[in-house]
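Numbering (my numbering), first residue to last: 32 to 215.
Here it is, written out as structure tokens:
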């Protein structure tokens, strides 16, 4: 089992004990970009702090994503949930109601695909603009334009690839009829 703490930088603790979990969750502040994740072989539980209260998400062994659905949780409740989870005891799931948010998290809209195409076109124009530029300033503009163009094209291509892969995966049966997770 791994404990991943993402604050300003990422820290990973192998086989965390209860004290490691307390320290990690106690470090979370109100920034939603900071989070703590406990990962075992096929599942994970993650938390972040928002306005002094905690939200928890859970990914089961089928890849389904759940979020706590009974409102924000206290730091103490989250610590208890993580500690129980780390001891391979599934009773932590009873601390809150769970909502399946798998589709919400995996859905990439056609607008996202359109944006990826726009990014690829803008990146190409950026590279072309850099190629046309002349002189010393032109060479600087060229270098920056080439770099920005490739970054923009890469971003657009990555969004397009993820869109295509998610579409293929969402078309397959993802154990929709089978719910062994015990979630409400």
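Quick reminder that beta carbons are idealized off the backbone N, C-alpha and C, glycines included. None of the values given here were measured: they were computed from a predicted structure.
Fewer than three pairs of CB atoms, one per stretch, sit closer than 8 Å, so the stretch 124-134 makes no contact with the stretch 40-48. By the Cβ neighbour-count rule, residue 67 is buried, with 16 or more other Cβ atoms within 10 Å of its own. A distance of 9 Å or more separates the beta carbons of residue 104 and residue 70. One thing to note: residue 90 has its Cβ no nearer than 9 Å to the Cβ of residue 123.
By a beta-carbon distance limit of 8 Å, residue 52 contacts residue 117. Their separation comes to about 6 Å. Scanning its chain for C-beta atoms nearer than 7 Å, with the 5 sequence neighbours on each side dropped, one finds around residue 96 the residues 88, 90, 132, 133 and 136, in chain order. Rounded to whole angstroms, residue 115 and residue 107 show a C-alpha spacing of 12 Å.
Cα atoms of residue 100 and residue 74: separation of roughly 19 Å, rounded to the nearest angstrom.
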